[in-house]
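Engineer:
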Ligand code: SF4
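Residue numbers (the numbering used here): 74 to 424.
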């Protein structure tokens, strides 16, 4: 074994980087603040654009970390620089002498209840993209009762200065198109509407998915922002929107409204980042050394970043970023610790 690498966050980026660094011969310590690993992927049902099973993808990532020391329900409580390394105390009492730290703390989903005008948490039949994935996984949700008219609202908490996020979350247009098709499959007699500002479908096969949504599933795309949602006496929803193509106000009655909550910087990631002295940009995501040429290195030597800790990413981008971070860490450790000391015995407690 060579140096110790501590990875904070066992979502897809943390799992992929752990596997890569272990293959490179490093002693990897992976920590996760929740009780389970997998991050948002563990709560998702199917992935765009091909409908691949999220749990199959996660199982494959988990297989890769066989042998990695992984601690769930564990956070960093303090961290200090110790020469070229870091002395990190974990909430489970273990002290790690880490020669490099990789932050894969991911993202939080925007709290849809903050957009009060959409009625999440107020009206029974307003749910989020995450709620809908849980429904697809579990097969039931009392709020989803054979709906015949379903609406999706794009850009909830994204591209919205008032919500504190002016940037695009990158994945929610594709998620909305995927989920719209899935709802038509689940409820073949339903009508499905997507209310969007712009459709940002940039990846390979995404355009096919969008064309198929219209051609094969009859999903109707309406360019316009939803201004207000209210509840009718019978429990259905009334949506007021502006159709910006027709330049006309629009009222639509729906049985179910799905809010495409966007990505926000992770609150717990920010807390760990401040313990480690990481800098963030004004959008809340961590600053990298160079967004084009050096996107996995932070401004602090020995601290690296991967996945959505540095901004919204698709799953393939996240995994590629994690592998790139592993290469950068290998490069850094080879130069910083040419003797490749074995720190195995230094900072263990109870291993
Ligand atoms: S991906 Fe689409 S829904 Fe998501 S923030 Fe960007 S434009 Fe809005």
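Positions of the beta carbon are idealized from the N, C-alpha and C atoms, including for glycine. Predicted model, so just to flag it, every value in this text is computed and none were measured.
Below 8 Å CB to CB, which residues in the same chain sit around residue 249 once its five sequence neighbours on both sides are set aside?
Structural biologist: Only 202, 225, 227, 267, 269, 331 and 333 meet the Cβ criterion.
Engineer: Determine, using beta carbons only, whether residue 179 and residue 380 come nearer to each other than 9 Å.
Structural biologist: Yes, the pair counts as a contact, with Cβ atoms nearer than the cut-off.
Engineer: Could you tell me the alpha carbon to alpha carbon distance between residue 288 and residue 258, rounded to whole angstroms?
Structural biologist: Cα to Cα, the separation comes out at about 14 Å.
Engineer: What's the gap between the Cα of residue 417 and the Cα of residue 172?
Structural biologist: Note that residue 417 scores a pLDDT of 45, beneath 50, so its modelled location is shaky; the value from the coordinates is reported in the next line. Residue 417 and residue 172: Cα-Cα distance of roughly 11 Å.
Engineer: Please give the ranges of any alpha helix (DSSP H) in the stretch 82–163, keeping only runs that are unbroken, at least 4 residues long and fully inside the region.
Structural biologist: Here the runs fully enclosed are 85–96 and 127–136.
Engineer: For residue 125, I'd like the list of residues in its chain whose CB is within less than 8 Å of its CB, leaving aside the five on either flank, ordered along the chain.
Structural biologist: For residue 125, where only same-chain residues beyond five positions count, the Cβ hits under 8 Å are 119.
Engineer: Which word fits residue 365, buried or exposed, when buried means at least 16 other C-beta atoms lie within 10 angstroms of its C-beta?
Structural biologist: Classification of residue 365: exposed, given that the 10 Å Cβ count is below 16.
Engineer: Are there 16 or more other CB atoms within 10 angstroms of the CB of residue 404, so buried, or fewer, so exposed?
Structural biologist: Counting Cβ neighbours within 10 Å, residue 404 comes out exposed, since fewer than 16 surround it.
Engineer: Which runs of the beta strand (DSSP E), 3 residues or longer, sit entirely within the stretch 331–381?
Structural biologist: Runs of the beta strand (DSSP E) inside the stretch 331–381: 336–338 and 376–378.
Engineer: Leaving out five residues before and five after residue 323 in sequence, what residues of the same chain have Cβ atoms less than 6 Å from its Cβ?
Structural biologist: Closer than 6 Å at Cβ, skipping near neighbours: 314 and 316.
Engineer: Assuming residue 84 contacts residue 177 under a Cβ cut-off of 8 Å, what Cβ separation, rounded to an integer in Å, is found between them?
Structural biologist: Correct: roughly 6 Å between the Cβ atoms.
Engineer: Any heavy atom of the ligand SF4 within a distance shorter than 8 Å of the CB on residue 239?
Structural biologist: Every heavy atom of the ligand SF4 is 8 Å or more from the Cβ of residue 239, so no.
Engineer: Starting from residue 402, trace the alpha helix (DSSP H) in both directions and tell me its first and last residue.
Structural biologist: Element bounds for residue 402: 388–409.
Engineer: Which residue comes first and which comes last in the alpha helix (DSSP H) that contains residue 185?
Structural biologist: Neither: residue 185 is in no alpha helix (DSSP H) and is coded neither H nor E.
Engineer: Please tell me whether residue 206 and residue 139 are closer than 9 Å, where the distance is taken between their beta carbons.
Structural biologist: No, the pair does not count as a contact, with Cβ atoms beyond the cut-off.
Engineer: On a CA-only basis, which of 190, 199, 145 and 105 is nearest residue 327? Give me that one, please.
Structural biologist: Comparing Cα positions, the closest option is 199.
Engineer: Is there contact here, the stretch 301–314 with the stretch 270–286, by at least three beta-carbon pairs under 8 Å?
Structural biologist: The stretch 301–314 is not in contact with the stretch 270–286.
Engineer: What does the alpha-carbon distance come out to for the pair residue 272 and residue 246?
Structural biologist: C-alpha separation (whole angstroms): 6 Å.
Engineer: Does residue 234 come out as helix, strand or coil in the three-state DSSP assignment?
Structural biologist: Correct three-state label for residue 234: helix.
Engineer: Can you say whether residue 194 is buried or exposed, counting buried as having 16 or more other CB atoms within 10 angstroms of its CB?
Structural biologist: It is exposed - the Cβ of residue 194 has fewer than 16 other Cβ atoms within 10 Å.
Engineer: Checking 9 Å against the spacing of the C-beta atoms, do residue 377 and residue 345 come in under that value?
Structural biologist: Not a contact, by the Cβ cut-off of 9 Å.
Engineer: Indicate, with yes or no, if the ligand SF4 has a heavy atom lying under 8 Å from the CB of residue 278.
Structural biologist: No, the ligand SF4 has no heavy atom inside 8 Å of this Cβ.
Engineer: For the candidate residues 290, 160 and 240, whose alpha-carbon lies nearest to that of residue 254?
Structural biologist: Checking every option, the nearest Cα to that of residue 254 belongs to 290.
Engineer: Do residue 249 and the ligand GTP come close, with the Cβ less than 8 Å from some heavy atom?
Structural biologist: Judged by which ligands are present, the ligand GTP is missing from the structure shown, whose ligands are the ligand SF4.
Engineer: Tell me which residue opens and which closes the alpha helix (DSSP H) that residue 279 is part of.
Structural biologist: Element bounds for residue 279: 279–288.
Engineer: What are the boundary residues of the beta strand (DSSP E) that residue 324 is part of?
Structural biologist: Start and end: 321–327.
Engineer: Given 8 Å as the limit, tell me if residue 193 has its C-beta closer than that to any heavy atom belonging to the ligand SF4.
Structural biologist: Result no, Cβ not under 8 Å from the ligand SF4.
Engineer: Can you check DSSP and say which residues form a bridge with residue 310?
Structural biologist: Looking at the DSSP assignment, residue 310 forms a beta bridge with 304 and 327.
Engineer: Roughly how many angstroms separate the alpha carbons of residue 75 and residue 336, rounded to a whole number?
Structural biologist: Rounded to the nearest angstrom, the two C-alpha atoms are 36 Å apart.
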